[in-house]
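Enquirer: Please read through the structure below; I'll follow up with questions.
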Amino acid sequence: MLMYSHLLILTCAASFLVAADTKGPDGKWPAHSMERPRPPVVTPAPAGAPVPAPSDAIILFDGKDLSLWKQQKAKDGEDDTARWKLADGSMEVVSGTGQHVTRKSLVGDIQLHLEWATPIEVKGNGQGRGNSGVFIGGFPEIQVLDSFNNDTYPDGQAAGLYGQYPPLVNACRAPGEWQTYDIIIERTIVKDGEVVRNARLTVVHNGVVVQPGREFNNRTTEGTLSMQDHGNPVRYRNIWYRPLHTAE
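Residue numbers for the sequence shown follow the numbering used here, so the first one is 8 and each next one is one higher.
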């Protein structure tokens, strides 16, 4: 047991050193650096009712059932039924059930809308407070976190592209209040074997642009949408997307 503990400590220390030595996209700040300047705080508009989906939107979660979602950690042949709590028009992370993912991929360029809320009862601090995340195939995690009066490394706060880009500003609402992410996904355009446009990701948090057209070198043309189980009872509601035709 003692040998295992020492090995675990050494492994964690090595992981920290690797992260500390890894420069972010700007080539200046190491990933998760606590020395990095914090994004300035801005006060977003007050929380309101769910944003109605446009007429051409494809609904992924309307608050009534989880039939379009599955438990990601289920192995082949196992029951993959979604196990998050369904109540009051939202789905709530159930600790230990793992990441939950759409049953179908989202193809091409899209506008994605989702709403989330961290627990109204504040527990923990830093990364241990209201932690979850949004994953879109081919792009980094878009962090979900209670970043209201809660300090942590900038590239890991709410609306950060985890480990890469902090948000331009901290537009987080108070714990328990509903927050919105509007995300524009533009896939790589390849013509005659050459990339003519890199993939881009834009994130708007509570009506405030926080990630403006971040570029990524990947050729993924589709991917699922999933949300993270980080052990905190974060809630999600009103998830929909619209196909875009920017390549045309």
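We put the beta carbon where it would ideally sit given N, CA and C, even for glycine.
(1) Going by DSSP, what residues sit across from TYR243 in a beta bridge?
(2) Assuming VAL49 contacts VAL210 (C-beta within less than 8 Å), just tell me the rounded distance between them.
(3) Which class does ARG221 belong to by DSSP, given the choice of helix, strand or coil?
(4) Per DSSP, which residues does VAL197 bridge with? Please list them.
(5) Straight-line CA distance for GLU99 to PRO32?
(6) Under the three-state reduction of DSSP, which class applies to PRO57: helix, strand or coil?
(7) Nearest to TYR188 by alpha carbon, out of GLU42, VAL114 and MET234?
(8) For PRO161, which of helix, strand or coil comes out of DSSP?
(9) At what residues does the beta strand (DSSP E) containing LEU67 begin and finish?
(10) Would you please verify whether the beta carbon of ASN239 is less than 8 Å from any beta carbon of chain D?
(11) When burial is assigned at 16 or more other CB atoms within 10 Å of the CB, is THR125 buried or exposed?
(12) Helix, strand or coil for GLY133 per DSSP?
(13) If you follow the beta strand (DSSP E) that PHE142 is part of, which residue opens it and which one closes it?
(14) Mind checking ARG226: buried by the 16 CB within 10 Å criterion, or exposed?
(15) Does the distance between the C-beta of ILE149 and the nearest non-hydrogen atom of the ligand FAD fall short of 7 Å?
(16) Does DSSP put GLN186 in a helix, in a strand, or in coil?
(17) By the three-class DSSP mapping on this structure, what secondary structure does THR253 have?
(18) So what does DSSP say about HIS13, is it helix, strand or coil?
Expert: Concretely, from the data shown:
(1) MET98 and TRP123
(2) About 14 Å separates the two Cβ atoms, so there is no contact after all.
(3) strand
(4) VAL202
(5) 33 Å
(6) coil
(7) MET234
(8) Helix.
(9) For LEU67, the enclosing beta strand (DSSP E) stretches over residues 65 to 68.
(10) The structure shown contains no chain D, having only a single protein chain.
(11) Under the 10 Å beta carbon count, THR125 is surrounded by 16 or more other beta carbons and is classified as buried.
(12) Residue state, collapsed to three classes: helix.
(13) 139 to 143
(14) exposed
(15) Absence of the ligand FAD from the depicted structure is noted, as is the absence of any ligand whatsoever, leaving it without description.
(16) It is a strand residue.
(17) coil
(18) Because the pLDDT of HIS13 is 42, which lies under 50, any placement of that residue in the model is unreliable, and the question is left without a value.
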